[in-house]
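There are 2 protein chains.
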Amino acid sequence: MTLARPQPAFSAARQQSVAAALRALLPPASILSDLEDTRPYECDGLSAYRQPPMVVALPQSEQEVLAVLKVCRDMQVPIVPRGAGTGLSGGAMPIADGVVLSTARLNRIVRLDAYARTAVVQPGVRNLAISDAAAPYGLYYAPDPSSQIACTIGGNVAENSGGVHCLKYGLTVHNVLRVRMATIEGDVVELGGEALDAPGLDLLAAFIGSEGMLGIVTEVTVKLVPKPAVARVIMASFDSVVAGGNAVARVIAAGIIPAGLEMMDQTSACMVEPFVQAGYDTGAAAILLCEADGTPEEVEEEIARMKAVLEGAGAGAIQVSSSEQERMRFWSGRKNAFPAAGRISPDYYCMDGTIPRKHLARVLTGIAEVEGKYGLRCANVFHAGDGNLHPLILFDANQPDELQRAEAFGAEILALCVEVGGTITGEHGVGIEKIDSMCAQFKVAELEAFFGVKRAFDPPGLLNPNKAIPTLNRCAEFGKMRVTGGVLPHAGLPRF
Amino acid sequence: MTLARPQPAFSAARQQSVAAALRALLPPASILSDLEDTRPYECDGLSAYRQPPMVVALPQSEQEVLAVLKVCRDMQVPIVPRGAGTGLSGGAMPIADGVVLSTARLNRIVRLDAYARTAVVQPGVRNLAISDAAAPYGLYYAPDPSSQIACTIGGNVAENSGGVHCLKYGLTVHNVLRVRMATIEGDVVELGGEALDAPGLDLLAAFIGSEGMLGIVTEVTVKLVPKPAVARVIMASFDSVVAGGNAVARVIAAGIIPAGLEMMDQTSACMVEPFVQAGYDTGAAAILLCEADGTPEEVEEEIARMKAVLEGAGAGAIQVSSSEQERMRFWSGRKNAFPAAGRISPDYYCMDGTIPRKHLARVLTGIAEVEGKYGLRCANVFHAGDGNLHPLILFDANQPDELQRAEAFGAEILALCVEVGGTITGEHGVGIEKIDSMCAQFKVAELEAFFGVKRAFDPPGLLNPNKAIPTLNRCAEFGKMRVTGGVLPHAGLPRF
Numbered sequence: 001m002t003l004a005r006p007q008p009a010f011s012a013a014r015q016q017s018v019a020a021a022l023r024a025l026l027p028p029a030s031i032l033s034d035l036e037d038t039r040p041y042e043c044d045g046l047s048a049y050r051q052p053p054m055v056v057a058l059p060q061s062e063q064e065v066l067a068v069l070k071v072c073r074d075m076q077v078p079i080v081p082r083g084a085g086t087g088l089s090g091g092a093m094p095i096a097d098g099v100v101l102s103t104a105r106l107n108r109i110v111r112l113d114a115y116a117r118t119a120v121v122q123p124g125v126r127n128l129a130i131s132d133a134a135a136p137y138g139l140y141y142a143p144d145p146s147s148q149i150a151c152t153i154g155g156n157v158a159e160n161s162g163g164v165h166c167l168k169y170g171l172t173v174h175n176v177l178r179v180r181m182a183t184i185e186g187d188v189v190e191l192g193g194e195a196l197d198a199p200g201l202d203l204l205a206a207f208i209g210s211e212g213m214l215g216i217v218t219e220v221t222v223k224l225v226p227k228p229a230v231a232r233v234i235m236a237s238f239d240s241v242v243a244g245g246n247a248v249a250r251v252i253a254a255g256i257i258p259a260g261l262e263m264m265d266q267t268s269a270c271m272v273e274p275f276v277q278a279g280y281d282t283g284a285a286a287i288l289l290c291e292a293d294g295t296p297e298e299v300e301e302e303i304a305r306m307k308a309v310l311e312g313a314g315a316g317a318i319q320v321s322s323s324e325q326e327r328m329r330f331w332s333g334r335k336n337a338f339p340a341a342g343r344i345s346p347d348y349y350c351m352d353g354t355i356p357r358k359h360l361a362r363v364l365t366g367i368a369e370v371e372g373k374y375g376l377r378c379a380n381v382f383h384a385g386d387g388n389l390h391p392l393i394l395f396d397a398n399q400p401d402e403l404q405r406a407e408a409f410g411a412e413i414l415a416l417c418v419e420v421g422g423t424i425t426g427e428h429g430v431g432i433e434k435i436d437s438m439c440a441q442f443k444v445a446e447l448e449a450f451f452g453v454k455r456a457f458d459p460p461g462l463l464n465p466n467k468a469i470p471t472l473n474r475c476a477e478f479g480k481m482r483v484t485g486g487v488l489p490h491a492g493l494p495r496f
Numbered sequence: 001m002t003l004a005r006p007q008p009a010f011s012a013a014r015q016q017s018v019a020a021a022l023r024a025l026l027p028p029a030s031i032l033s034d035l036e037d038t039r040p041y042e043c044d045g046l047s048a049y050r051q052p053p054m055v056v057a058l059p060q061s062e063q064e065v066l067a068v069l070k071v072c073r074d075m076q077v078p079i080v081p082r083g084a085g086t087g088l089s090g091g092a093m094p095i096a097d098g099v100v101l102s103t104a105r106l107n108r109i110v111r112l113d114a115y116a117r118t119a120v121v122q123p124g125v126r127n128l129a130i131s132d133a134a135a136p137y138g139l140y141y142a143p144d145p146s147s148q149i150a151c152t153i154g155g156n157v158a159e160n161s162g163g164v165h166c167l168k169y170g171l172t173v174h175n176v177l178r179v180r181m182a183t184i185e186g187d188v189v190e191l192g193g194e195a196l197d198a199p200g201l202d203l204l205a206a207f208i209g210s211e212g213m214l215g216i217v218t219e220v221t222v223k224l225v226p227k228p229a230v231a232r233v234i235m236a237s238f239d240s241v242v243a244g245g246n247a248v249a250r251v252i253a254a255g256i257i258p259a260g261l262e263m264m265d266q267t268s269a270c271m272v273e274p275f276v277q278a279g280y281d282t283g284a285a286a287i288l289l290c291e292a293d294g295t296p297e298e299v300e301e302e303i304a305r306m307k308a309v310l311e312g313a314g315a316g317a318i319q320v321s322s323s324e325q326e327r328m329r330f331w332s333g334r335k336n337a338f339p340a341a342g343r344i345s346p347d348y349y350c351m352d353g354t355i356p357r358k359h360l361a362r363v364l365t366g367i368a369e370v371e372g373k374y375g376l377r378c379a380n381v382f383h384a385g386d387g388n389l390h391p392l393i394l395f396d397a398n399q400p401d402e403l404q405r406a407e408a409f410g411a412e413i414l415a416l417c418v419e420v421g422g423t424i425t426g427e428h429g430v431g432i433e434k435i436d437s438m439c440a441q442f443k444v445a446e447l448e449a450f451f452g453v454k455r456a457f458d459p460p461g462l463l464n465p466n467k468a469i470p471t472l473n474r475c476a477e478f479g480k481m482r483v484t485g486g487v488l489p490h491a492g493l494p495r496f
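In order, the protein sequences belong to chains F and H.
So that you can map any letter, position 478 of the first sequence is 478 in full-length UniProt numbering, and since no number is skipped, the others follow by simple counting.
So that you can map any letter, position 212 of the second sequence is 212 in full-length UniProt numbering, and since no number is skipped, the others follow by simple counting.
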């Protein structure tokens, strides 16, 4: 894709004074302001949108985080928090005249309590590093986004990240017990705790997935879970996506909660097979991967039950992994779908809608029908068990109109998700990418509730502004809200 | 207990005008204002605190809920929402010049979807009625507070209720997918949804347990779970509470998540045994009840593992229920601990602290040490698996000083819970009872975050004021907060 590289949009004097104020409180090497140093921060995984920040700050302690927040509050500088920058919705995209607060140097595992099965970590600790540290105790951290080798727990908290095992083990929100965070007003607040319930309002869940709008995470307490003794995966072929979708519904209806339940369509299988040689049945219209984990007896019983359900649902070829190596091979195609898309298409646009499971077949059929309308191919991979779709729209940004067609195709898929009772994002977040779709998803009163909470945590509106929640003005411009006589309902809301 | 019965505290003219405004919008029979009609609403399960309300409203639809809210908003009348009135912390205690909004007539099961395993119910539906309606499909609603025959799902949402099975199946917050609620400003807002994740702020968890301060529930979507094929319970005796506490820790450390893991001390066992004839070992210092549920194979395996762990932890007598009837008998003592306390003591004060499981033995020893200091007995029953203690302090309010001594004893137990890293309430809520203890539990910045969210949902501060979250003024009076030069930090917060 050919990308315009926007130039800085702030005065040199402003940049110098903000950088100087920060350097007075943090080691000078922790503050970057030369364009060659700030360029690496110009985008996250949603690389179509780029903007170098005015300044990058790399605090090494909670005290330094508070110092950055103080300077930004005093000088009215917007702040964009950033983990590893692997996000897919532009949540960490810089603001031209703002500071990027990177958690990269807050990367210490503070404490690991194998007895209580918890770990206390700083926000810049990588997702996989937690499991590595817990491995000697037979424990691991369950959520496993595809980017887990690189992404950080702070970013996971910001986006409420999931992964292929979240059907059984939950999202970030189900695996984090406590968040310690710094507010823009200079307070340090702890949300949640190690007890099952706590008095006061439970704001932990509101914070998790708030995309950096409420505060800066300085410490996270995560649950660790015992590593299952065994895991095996079934790979089953279906001759239509409808049959595959129905098989997913039947597995769940049978009362089975697989450790993973993923589906790929033929386009995806054909796309990844040459790349990873996973042994996928490229003649099948849909492939299901269905995993069981636990004790050997539990796994044997669950594999047998799942196999029976899949056969009853019309599965053609069925293979069950007989070794850990084979299990990893079966998964390799699913886990490499995104890089594989990059091999066969100059560009791709990854969507992230959710739908009630029962509408899986209907939505797949709907997407196939729209492919022709836009003249673009769409490869479909899904966290099928929890109804989270990742359609990959393949396009070439160098061809006239293709980016626009891909975006329109994507918007149509999300509208279809909302129409059947789903949502516009399952796990990638709203960021800047899907902010207009939020106007379709929520009512004014609901957006107002979000703003109210935002105001409670961030009165000056400096934390990651214009991300995640659209202003009512923006929704009005997007045309989803009726404006009577030029006056917005509930006018006078601040612009975050 | 001899109770003062406070008289109404409002002018007759005010009462008449509020009642008339409500009768203009609701059927007249749905509005109660005669003292003989409003008396039954003067307290909840925390019967030491009584106050008849000015008016009681019994709306029968969401429209009528909105009408009640409109009248109260226009006339600046505080509102106390009320389910079945079984709460134990005074959350539903009326305000003298306020309206009690009872959800008793919002008692319809709107929809039950056995395939999606969800039920949509109005807030006045009883907890057990949901399971009764789901029984023909082999499903049930998991959270089972002791009051489940009477308490309503709306009250469960307000208090985030648990039950003896919440270790495995979670609290209300883990079993509710969506709440539809009316705001004081007249909007209807839906929080949560049926998808695993949703964009926007996740305010569902903040709403659940908010004790009626954020809005009035008009509809709840709950998860239903398959009824386990079999359940069996182990009853094990220990010769010290320390040994019992350590056995709990060992069960959890072995990676077992029992369906229930409850502990009673000798005082409790001796108190309930004459009442229910459960067959409890009244010679034991502590009794553990440890339940397994699932398929017959799963239960057999888990019972064997738990038995081995308990034996290894020094259990004396061990019995395993061999029939459903025997299982119910083993549980009957635990479930009847509160009524049994009423038989042997004129009054009792039920505490509800939580602690990290590892400190169970330490806290039990601490409570025993304090018994002598106050000259009062304390019977201990616990949701041991999740560290939720219910010490029952036995006293006689007719004896001089005993109520005061019981309250001081209770406060000391809660302080001990907080000291070891626990909380002042596990599942009964804060209400009016524990509002001062909140000052010990939370920092100013944390209370401010709560207020900010409260303001976002309820700008006029009319919903259940002076419950659940203490004002900073109140904390200052309670002496837990330093007041500098007569000025509160962050003065100027509204008084909710």
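We put the beta carbon where it would ideally sit given N, CA and C, even for glycine.
No experiment lies behind these values; they were computed from the predicted model shown.
Check                                                                                                                       : Outcome
Exposed unless 16 or more other CB atoms sit within 10 angstroms - verdict on L35 (chain F)                                 : exposed
K223 (chain F) - containing beta strand (DSSP E), residue span                                                              : I216 to K223
Three CB pairs or more closer than 8 angstroms across the segment 177-186 of chain H and the segment 164-180 of chain F     : no
C-beta atoms of K168 (chain F) and P258 (chain F) nearer than 8 angstroms                                                   : yes
Residue 523 (chain H) in three-state terms, based on DSSP                                                                   : Since the first and last residues shown for chain H are 1 and 496, residue 523 (chain H) lies out of range.
G41 (chain F) versus A361 (chain F) - alpha carbon distance                                                                 : Sequence check: residue 41 (chain F) is Tyr here, not Gly. Between Y41 (chain F) and A361 (chain F), the C-alpha separation is close to 40 angstroms.
Beta-carbon proximity of G90 (chain H) to A104 (chain H), cut-off 8 angstroms                                               : no
Cβ-Cβ distance between G30 (chain H) and V55 (chain H) below 8 angstroms                                                    : Checking the displayed sequence, the identity of residue 30 (chain H) turns out to be Ser instead of Gly. No, Cβ-Cβ distance for S30 (chain H) and V55 (chain H) is not below 8 angstroms.
Limits of the unbroken beta strand (DSSP E) element including G192 (chain F)                                                : V188 to G192
Where I469 (chain F) meets chain H, residues with beta-carbon distance less than 7 angstroms                                : G200
Three-way DSSP call (helix, strand, coil) for A21 (chain F) in this model                                                   : helix
Whether V100 (chain F) touches V18 (chain F) by CB criterion (8 angstroms)                                                  : no
From H:N127, H:G193 and H:Q16, residue whose alpha carbon lies closest to that of I109 (chain H)                            : H:N127
Unbroken beta strand (DSSP E) run spanning A116 (chain F), endpoints                                                        : Here A116 (chain F) belongs to no beta strand (DSSP E), and DSSP marks it neither H nor E.
Beta bridge counterpart(s) of H174 (chain F) as assigned by DSSP                                                            : Paired residues: none, contrary to the question.
DSSP state of D458 (chain F) mapped onto helix, strand, coil                                                                : coil
Sequence-distant residues of its chain with Cβ nearer than 6 angstroms to P59 (chain F) (five each side left out)           : V65 and V68
Contact with chain H by G294 (chain F), beta-carbon distance below 8 angstroms                                              : no
V80 (chain F) vs G212 (chain F) beta-carbon contact at 8 angstroms                                                          : yes
K480 (chain H) versus E190 (chain F): straight-line alpha-carbon distance, rounded                                          : Because K480 (chain H) sits at a pLDDT of 48, beneath the cut-off of 50, its placement in the model cannot be relied upon, and the following sentence gives the value as read from the coordinates. For K480 (chain H) and E190 (chain F), the distance between alpha carbons rounds to 19 angstroms.
Which of helix, strand or coil DSSP assigns to M1 (chain H)                                                                 : Below a pLDDT of 50, predicted positions are generally treated as unreliable, and M1 (chain H), at 38, falls in that range; no measurement from the model is reported.
Within-8 angstroms CB hit, I424 (chain H) to chain F                                                                        : yes
Pair within 8 angstroms by beta-carbon distance, A406 (chain H) and A379 (chain H)                                          : no
Rounded separation between A151 (chain H) and H359 (chain F) - CA only                                                      : One detail in the question is off: residue 151 (chain H) reads as Cys in this sequence, not Ala. Taking the straight line joining both Cα atoms gives about 35 angstroms.
Three-state class that DSSP yields for L88 (chain H) in the structure shown                                                 : coil
Residue-chain proximity (Y115 (chain F), chain H), Cβ-Cβ < 8 angstroms                                                      : yes
Partners in chain H for S210 (chain F), counting only beta-carbon separations shorter than 7 angstroms                      : L201
Any C-beta of chain F under 8 angstroms from that of Q441 (chain H)                                                         : yes
Minimum Cβ-Cβ distance from K358 (chain F) to chain H less than 8 angstroms                                                 : yes
Residue 499 (chain F) at chain H interface by Cβ criterion, 8 angstroms                                                     : Not covered by the structure: residue 499 (chain F). The range shown for chain F is 1 to 496.
Span of the beta strand (DSSP E) around F238 (chain F)                                                                      : V230 to F238
Those residues which DSSP pairs with F382 (chain F) across a bridge                                                         : F:M263 and F:L389
Where D37 (chain H) falls: helix, strand or coil (DSSP)                                                                     : helix
At least 3 beta-carbon pairs within less than 8 angstroms: the segment 303-321 of chain F vs the segment 367-376 of chain F : no
DSSP state of D74 (chain H) mapped onto helix, strand, coil                                                                 : helix
Chain-ordered neighbours of G155 (chain H) on chain F, where CB pairs are closer than 7 angstroms                           : Per Cβ cutoff of 7 angstroms: no residues; G155 (chain H) is ~15 angstroms from chain F at best.
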